[in-house]
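Here the structure is laid out as structure tokens; the discussion comes afterwards.
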Amino acid sequence: MNFFFCVFTGVLLAVIQTALAAVFLDAFFDLMLPFIVYLILFRPTLESLSAVIGLGFLMDSLSAGPAGLMGLTYFSLYLIMMWTGKYLDTETFIVFPLIISLAALWEALWIVCVKLVFVSGFDVSAETFILMMKQMIWAAAVGPLALFAVKAGQTKLNDWRGNLLAEVGENGGSV
Amino acid sequence: MLSRKAVIIIGVIIIVAVHVFLLSNSSKRPLDPVGFEHWALPVVAPFQNAASSSVRFFRRIWRHYFFLVSVSQANERLTKSLNAALERTHACIEIERSNKRLRGLLQFRDRTEEKMVAAEVIGKDPSPWFKSLVIDKGAADGLDRGLPVIIPAGVVGLITDISGGYAKVLLIIDQNSAVDALVQRTRARGVVKGRASRRCNFEYALSKHDIKEGDAVISSGLDGVFPKGLRIGEVTEVTKRQAGIFQEVALTPYVDFERLEEVFVIVGADAGLSDEEE
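Chains U and B, in that order, give the protein sequences. 1 is the number of the first residue of the first sequence in our numbering; add one for each residue after it. 1001 is the number of the first residue of the second sequence in our numbering; add one for each residue after it.
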């Protein structure tokens, strides 16, 4: 069930990102980041790792960037957060804007580094920094809301599944 | 048996190695997909299609029924523009007739024979760092990788990835994009490359060539992708340095990439034909 929840949320966020956010907003942040932060902080290791790798491939295939870039970014984020997660108080609401905006910064730095290495004539200009700042602000403002929406969706799903299983148990195997 | 720590370290190394391999491989050949990219388009694109159709529906309602405040002023302005355009059309008809006559004399083939497929834009690149879009036509409609995408205003880009009913288009403003081009007025040649902002650079233009602000830049047809004579952009800045054989030319594309809704894919392009026949 969690697999389908991951696939559904990943596709939903990708559609919102590409068909809505990218159309109306110039420098919106990667909406997949709150989902990835949620997976790392709140889901079991194996589940979050496989989901992070899968989401990396999904975003790589939708973007015009080099294949593997988003995957590597997400995976590096996973490793960093697994390490720092030991010291973070994830129950505190105030920490999420900071975490997600730093994740957006980390992703932007990866992209800039890859462009510096592979794209001829790319230079870090004022526009680069402005884009980074805009993405961080969007991430801090919208990221926590997206994270809580995903968390609430998962909780609802778990409740619904629990009730369904209880109902099946009471009826002796038939719904 | 390996310890848990060793397994984790080996796993991390394998995952990183696979990603670095993909990254270096696709960076060397940005227009040549590694292979796994195809699966996501057919999965995500139908939802993108539904979402963008809904957005388009509400946008049309807003434009046609609610946003009528400045319609009267716009009407006056458009009437004036229409009159000017009509005068220009008459002049163009004359030029077209003489052009046809001259083409006939020189046995040139008329390029309007090119077959085009109309498509709707259903999604954009998830990252603002890269410039691409998804259209609702694919291999089933006769499209293929490498085909040029245009609109009447000018060149949009080329198809880099394709599935049955959808295709991904790399825009000319992406930094991985390059179009062989020339200045319409002086025939100075160069390559149009994307920049970080929504503009382009006209690179490798020799300093000795006369290029001015306001000059139109068109495709040369020599890259084998874009047919000759397609409008690309207008020169907005020219910087000539004392040292160096090339001048720096900034270009603003004719296409407004923020408002793209429909595009044409040239299916029967015959790039550089005129040059060969010349």
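Every residue, glycine too, gets a C-beta built ideally from N, C-alpha and C.
Item: Touch test, the stretch 1039-1047 of chain B against the stretch 1-18 of chain U, Cβ-Cβ under 8 Å, three pairs minimum; Value: yes
Item: Under 8 Å from the C-beta of Thr1160/B: neighbouring residues of chain U; Value: Ala64
Item: Any 3 or more C-beta pairs closer than 8 Å across the stretch 1116-1134 of chain B and the stretch 1047-1060 of chain B; Value: yes
Item: Residues that Ile1015/B contacts on chain U, provided the C-beta gap is smaller than 8 Å; Value: Ile53, Phe75
Item: Closer than 8 Å to chain U by CB, Leu1041/B; Value: yes
Item: Same chain, Cβ closer than 8 Å to Val175/U, neighbours up to 5 away in sequence not counted; Value: Interpretation of Val175/U is limited by its pLDDT of 48, a score under 50 that renders its predicted location unreliable; no figure is taken from the coordinates.
Item: For Asn1075/B, three-class secondary structure by DSSP; Value: helix
Item: Cross-chain neighbours of Gln1175/B in chain U, by beta carbon under 9 Å; Value: Lys115, Val119, Ser120, Gly121, Phe122
Item: Inter-stretch contact (C-beta, 8 Å, three-pair minimum) for the stretch 20-31 of chain U and the stretch 76-88 of chain U; Value: no
Item: Contact between the stretch 146-160 of chain U and the stretch 115-125 of chain U (3+ Cβ pairs under 8 Å); Value: no
Item: Below-8 Å beta-carbon distance, Arg1109/B vs any chain U residue; Value: Confidence in Arg1109/B is poor, its pLDDT being 48 and thus under 50, which makes the residue's placement too unreliable to answer from.
Item: Cβ of Ala1091/B within 8 Å of any chain A Cβ; Value: Although the question refers to chain A, the structure presented lacks it and instead comprises the protein chains U and B.
Item: Whether Phe1202/B touches Gly1190/B by CB criterion (8 Å); Value: yes
Item: Residue of Ala1181/B, Lys1131/B, Val1134/B minimising C-alpha distance to Ala1216/B; Value: Ala1181/B
Item: Cβ neighbour criterion (16 or more within 10 Å) applied to Arg1097/B; Value: exposed
Item: Rounded straight-line distance, which links the Cα of Gly153/U to that of Phe5/U; Value: 9 Å
Item: Per-residue burial, Tyr87/U [other beta carbons within 10 Å of its own, 16 or more giving buried]; Value: exposed
Item: Proximal residues, the stretch 1111-1129 of chain B versus chain U, C-beta separation under 8 Å; Value: Ile1122, Gly1123, Lys1124, Asp1125, Pro1126, Ser1127, Pro1128, Trp1129
Item: Three-state class that DSSP yields for Phe1264/B in the structure shown; Value: strand
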